[in-house]
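Protein chains in written order, with our numbering: chain A, 603 to 862; chain B, 27 to 344.
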Amino acid sequence: MRKQIALGGLALGFAISAAVAAPQTPLKDPLQSGNWSYSQEHVLDNPKNIRFDDRVIVKAPPSAEDSFNVPVLVDATALPNVKRIVLLVDYGPIPKILTYWPDQAEAKLSLRFKIDQATPVRAAVETHAGTWHVGSTYVDAAGGGCSAPAHAYASNDWEEKLGQVNGMVWPKSGRVRMVVDHPMDTGLADGIPVFIIKRLQVDDDTGKKLATIEMYEPVNEDPAFTLYFPKNQLKGSVRVHGRDNNGNEIDAVLRARLTQ
Amino acid sequence: MKLTRRSALAGLGAALLVGRPKATFAASPKSYDLTPKQVGDGVWMIEGSTEYFTDENGGAIVNCALLQTDEGILIIDTGPSLRYGTALRQVASQLTGRGIAGAVNTHHHPDHFFGNQVFSDRPIHALAQTTALAKSEGEAFSDNMYRLLGDWMRGTEVVPPTAPLESSVLTVGNRSLQVLPLAGHTGADLALLDQKTGTLIAGDLVFYNRAPTTPHADLERWRQSLDEIAALKPAAVLPGHGPLDHAGKAVQQTRDYLNWLETTLTDAANEGLDMVEIMETKLPQAYAAMGAMPQEFHRSVSHLFPTIERKVMPLVNR
Chain A
603 MRKQIALGGL
613 ALGFAISAAV
623 AAPQTPLKDP
633 LQSGNWSYSQ
643 EHVLDNPKNI
653 RFDDRVIVKA
663 PPSAEDSFNV
673 PVLVDATALP
683 NVKRIVLLVD
693 YGPIPKILTY
703 WPDQAEAKLS
713 LRFKIDQATP
723 VRAAVETHAG
733 TWHVGSTYVD
743 AAGGGCSAPA
753 HAYASNDWEE
763 KLGQVNGMVW
773 PKSGRVRMVV
783 DHPMDTGLAD
793 GIPVFIIKRL
803 QVDDDTGKKL
813 ATIEMYEPVN
823 EDPAFTLYFP
833 KNQLKGSVRV
843 HGRDNNGNEI
853 DAVLRARLTQ
Chain B
27 MKLTRRSALA
37 GLGAALLVGR
47 PKATFAASPK
57 SYDLTPKQVG
67 DGVWMIEGST
77 EYFTDENGGA
87 IVNCALLQTD
97 EGILIIDTGP
107 SLRYGTALRQ
117 VASQLTGRGI
127 AGAVNTHHHP
137 DHFFGNQVFS
147 DRPIHALAQT
157 TALAKSEGEA
167 FSDNMYRLLG
177 DWMRGTEVVP
187 PTAPLESSVL
197 TVGNRSLQVL
207 PLAGHTGADL
217 ALLDQKTGTL
227 IAGDLVFYNR
237 APTTPHADLE
247 RWRQSLDEIA
257 ALKPAAVLPG
267 HGPLDHAGKA
277 VQQTRDYLNW
287 LETTLTDAAN
297 EGLDMVEIME
307 TKLPQAYAAM
317 GAMPQEFHRS
327 VSHLFPTIER
337 KVMPLVNR
């Protein structure tokens, strides 16, 4: 009898230690979310040099008006030497939203994403020195944005519009903005497989790479981005190109308005 | 069984009662205090808060009109919940002692028709398109209202209107109302002009000192509707939200705000701004002072900007 109890205790102890297997650098989450340590360990691959940092600003409305299109702005320009920005949520069927490699651009990006429930939204920023800096905000939501079919299928011309890009460049203020028509199917709606843009690269007019956006399922239908550059650095046009997971190509040249 | 938020809550309540038989689970301090204010001969108004939905106001943010007829009171818009509808029926019944003749829904937004349950033994008039929209979108509204208002919503079910308005005049007993089948705030917006007093019951085509809401707005169509309302030169306008207006200011204020909103969002698209940046726009003093600001401006950015920016930025595929 005593042996059984001891064994039971051992099994329980093991289960607990497995469930709370801590990341190698435990952090105190300012939002006190129960899922942050999981994100840190499994979504960000458990980096050693990581901390919460007020220099990483994540802005979003406190409550999502439209679960399919939650706007968010990440600004890590106060950090030097940024290599990539990983945007993720603590709660949602697919935690990773996007990775941005700013390269020649500023470490700042605006986008929209689909939200499935109320959750902390994090930007984890890696510097070229290999340190991670995390900023957060909290978004309340009615949810359902990840598991519903794309709106596009309500109209019958979505296939013609696939990959269409509306966009412009503002050299003076250093902005590039684009909206790319794509269903961005998460694979979580019944009978609709994953169908997403994987990657978009932005080049200058000489073909030199300026920045790269790597997308995951939670990016909104018809992804919309503003990229930021130092003022007056951009020339007249940029090229945006990439492809989705079915091999459809996206290729567009964004220009400044002549009267700017 | 399809598990809805309500059935889940009901199940939770039952479980608590079983586990703790003496629990006073049903006791609730939340009640609506509805006071009809007479604004014309046989016309009363119940004026809602100009805030957004909160746990404090229980969703009582809407204006209801009560019209005296010799067949009883005709109620224009029934409020956000079963509990509101019950309180509304009670105060309406006490007004003239002739009971309730029927109800009207100006449009399909939940704060205007979720009290319908209480009036299902009477005709509930609305434009046919409003009934169709209430049927297709009502349950989604309901989920959101339960999320926002919790216990205030207890027992509320979606009851779409039952009596389609097809003629140009709605006559109930000795009172006649001109039927104006308009649109723009939603796909179908009813305004009613009381022939006796010249009071225009505008539904949400007109807001006054409360920020207009735009989740289903067509701004161009909305402005046309405002033109039609202004052309009638009503003696008074009873807006969907905000105080009664005798001076013709409410229609103009609504139009000015919609124009400002469209211009602001178009200018932002022309500068390459993103939605979060636009939400940081400093509101002009006149609009910052409106009820439910800046929340409604933030919501409108979400509703309207994606369409506007596509019109502004050219197609640029190679």
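Cβ coordinates follow ideal geometry from the N, Cα and C atoms, glycine included.
>> Just to make sure I have the definition right: I need the residues of chain A whose C-beta is within less than 8 angstroms of the C-beta of SER328 of chain B. Which are they?
In response: What SER328 of chain B touches in chain A: PRO663, GLU667, ASP668, ASN671 and PRO673.
>> Just to make sure I have the definition right: I need the residues of chain A whose C-beta is within less than 9 angstroms of the C-beta of ASP137 of chain B. Which are they?
In response: Per Cβ cutoff of 9 angstroms: no residues; ASP137 of chain B is ~16 angstroms from chain A at best.
> If you draw a straight line from the C-alpha of LYS337 of chain B to the C-alpha of THR292 of chain B, how long is it?
Replying inline: Distance between the alpha carbons of LYS337 of chain B and THR292 of chain B is about 9 angstroms.
>> Quick check on this structure: which residue in A:ASN651, A:THR733 and A:MET786 has the alpha carbon closest to the alpha carbon of ARG714 of chain A?
In response: Considering only A:ASN651, A:THR733 and A:MET786, the residue with the shortest C-alpha distance to ARG714 of chain A is A:MET786.
> Leaving out five residues before and five after HIS644 of chain A in sequence, what residues of the same chain have Cβ atoms less than 7 angstroms from its Cβ?
Replying inline: Excluding positions up to five away in sequence, the list is empty.
>> Judging by CA-CA distance, which residue of A:PRO695, A:GLU762, A:ASP824 and A:ILE659 is the nearest neighbour of ILE919 of chain A?
In response: Residue 919 of chain A lies beyond the residue range present for chain A, which begins at 603 and ends at 862; the question has no answer from this structure.
>> Going by C-alpha to C-alpha distance, which of A:ASN768, A:ALA707, A:ALA624 and A:PRO682 sits closest to PRO832 of chain A?
In response: Taking each of A:ASN768, A:ALA707, A:ALA624 and A:PRO682 in turn and checking the Cα distance to PRO832 of chain A, the smallest one comes out for A:ALA707.
> Taking the continuous beta strand (DSSP E) assigned at MET780 of chain A, which residues delimit it?
Replying inline: Here the beta strand (DSSP E) through MET780 of chain A covers 777 to 782.
> Within the 9 angstroms Cβ cut-off, does LEU860 of chain A reach chain B?
Replying inline: Cβ-Cβ to chain B under 9 angstroms: no for LEU860 of chain A.
> Run through DSSP, which three-state label would PRO47 of chain B get?
Replying inline: With a pLDDT of 39 at PRO47 of chain B, under the threshold of 50, the modelled position of this residue cannot be trusted, and the question is left open.
>> Please classify ALA214 of chain B as buried or exposed, where buried requires at least 16 other C-beta atoms within 10 Å of its C-beta.
In response: ALA214 of chain B should be labelled buried.
> With a CB to CB cut of under 8 angstroms and the five nearest residues on each side skipped, what residues in its chain are close to THR76 of chain B?
Replying inline: For THR76 of chain B, same chain residues with a beta-carbon under 8 angstroms away, outside a window of 5 residues either side, are ILE87, ASN235, ARG236, HIS267, GLY268, MET316, GLY317 and ALA318 in chain order.
>> Applying the 10 Å Cβ sphere with the 16-neighbour rule, what's the burial state of THR132 of chain B?
In response: Classification for THR132 of chain B: buried.
>> Helix, strand or coil for PRO265 of chain B? Go by DSSP, reduced to three states.
In response: Here PRO265 of chain B sits in strand by DSSP.
>> Could you compute how far the alpha carbon of PRO625 of chain A sits from the alpha carbon of LYS685 of chain A?
In response: Spanning the two alpha carbons is a distance of roughly 22 angstroms.
>> Using 8 angstroms for Cβ pairs, my map puts GLY765 of chain A next to ARG779 of chain A. What's the rounded Cβ distance?
In response: Here GLY765 of chain A is actually not in contact with ARG779 of chain A; their C-beta atoms are around 17 angstroms apart, not less than 8 angstroms.
>> Using C-beta distances below 6 angstroms, list every residue in its chain close to SER635 of chain A, excluding the 5 sequence neighbours before and after it, in chain order.
In response: Counting only Cβ-Cβ distances below 6 angstroms, and skipping sequence neighbours, we find ASP692 and PRO722.
>> Against chain A, with Cβ distances strictly below 9 angstroms, would MET301 of chain B count as a contact?
In response: At least one CB of chain A lies nearer than 9 angstroms to the CB of MET301 of chain B.
>> Checking 9 angstroms against the spacing of the C-beta atoms, do VAL674 of chain A and SER712 of chain A come in under that value?
In response: Yes; because the gap between Cβ atoms is below 9 angstroms, this pair is in contact.
> So which of A:ASP846, A:GLU819, A:GLN835 and A:LEU802 has the shortest CA-CA distance to VAL855 of chain A?
Replying inline: Selected option, being the one with the closest Cα: A:LEU802.
> Which of helix, strand or coil does DSSP assign to GLY125 of chain B?
Replying inline: When DSSP states are grouped into helix, strand and coil, GLY125 of chain B belongs to the coil group.
>> Taking 9 angstroms as the threshold (beta carbon to beta carbon), is ALA854 of chain A in contact with chain B?
In response: Closer than 9 angstroms: yes.
> Buried or exposed: where does TYR818 of chain A fall if 16 or more other Cβ atoms within 10 Å of its Cβ makes it buried?
Replying inline: Under this definition TYR818 of chain A is a buried residue.
> Within the 9 angstroms Cβ cut-off, does GLN719 of chain A reach chain B?
Replying inline: By the rule that beta-carbons nearer than 9 angstroms mark a contact, GLN719 of chain A does not touch chain B.
> Listed from N- to C-terminal order along the chain, which residues in the region 767 to 798 of chain A have their beta-carbon within a distance smaller than 9 angstroms of any beta-carbon of chain B?
Replying inline: Cβ contacts with chain B come from VAL767, ASN768, GLY769, MET770, VAL771, TRP772, SER775, ARG777, VAL778, ARG779, MET780 and VAL781.
> Using a C-beta to C-beta distance shorter than 9 angstroms, which residues of chain B count as neighbours of THR828 of chain A?
Replying inline: Residues of chain B with a Cβ closer than 9 angstroms to the Cβ of THR828 of chain A are, in chain order, GLY298, LEU299, ASP300 and GLU303.
> Helix, strand or coil for MET817 of chain A per DSSP?
Replying inline: Note: MET817 of chain A maps to strand in three-state DSSP.
> With which residues is VAL767 of chain A paired in a DSSP beta bridge?
Replying inline: For VAL767 of chain A, DSSP records a beta bridge to A:VAL782.
>> Tell me which residues share the same chain as ASP96 of chain B and place their Cβ nearer than 6 angstroms to its Cβ, disregarding the 5 neighbours each side in the sequence.
In response: GLY199 and ASN200.
> Applying the criterion that 16 or more other CB atoms from any shown protein chain within 10 Å of the CB defines a buried residue, is THR333 of chain B buried or exposed?
Replying inline: By the neighbour-count rule (16 or more Cβ atoms within 10 Å), THR333 of chain B is not buried but exposed.
> Touching or not, the region 190 to 199 of chain B and the region 151 to 159 of chain B, by the rule of three or more beta carbon pairs under 8 angstroms?
Replying inline: Segments in contact, yes.
>> Contact criterion: CB-CB distance below 9 angstroms. Does ALA756 of chain A meet it with respect to chain B?
In response: So no, ALA756 of chain A is outside the interface.
> In three-state DSSP terms, what is VAL185 of chain B?
Replying inline: DSSP places VAL185 of chain B outside both helix and strand once states are collapsed to three, so it counts as coil.
>> For a test of the three-state rule: what should DSSP assign to ALA152 of chain B, helix, strand or coil?
In response: In this structure, DSSP gives ALA152 of chain B an extended state, which the three-state scheme calls strand.
> Start and end of the alpha helix (DSSP H) containing THR290 of chain B?
Replying inline: Taken as a continuous stretch (DSSP letters only), the alpha helix (DSSP H) holding THR290 of chain B covers 275 to 296.
>> Relative to the C-alpha of PHE79 of chain B, which candidate in B:LEU60, B:PRO136 and B:LEU108 has its C-alpha closest?
In response: Per the Cα distances, B:PRO136.
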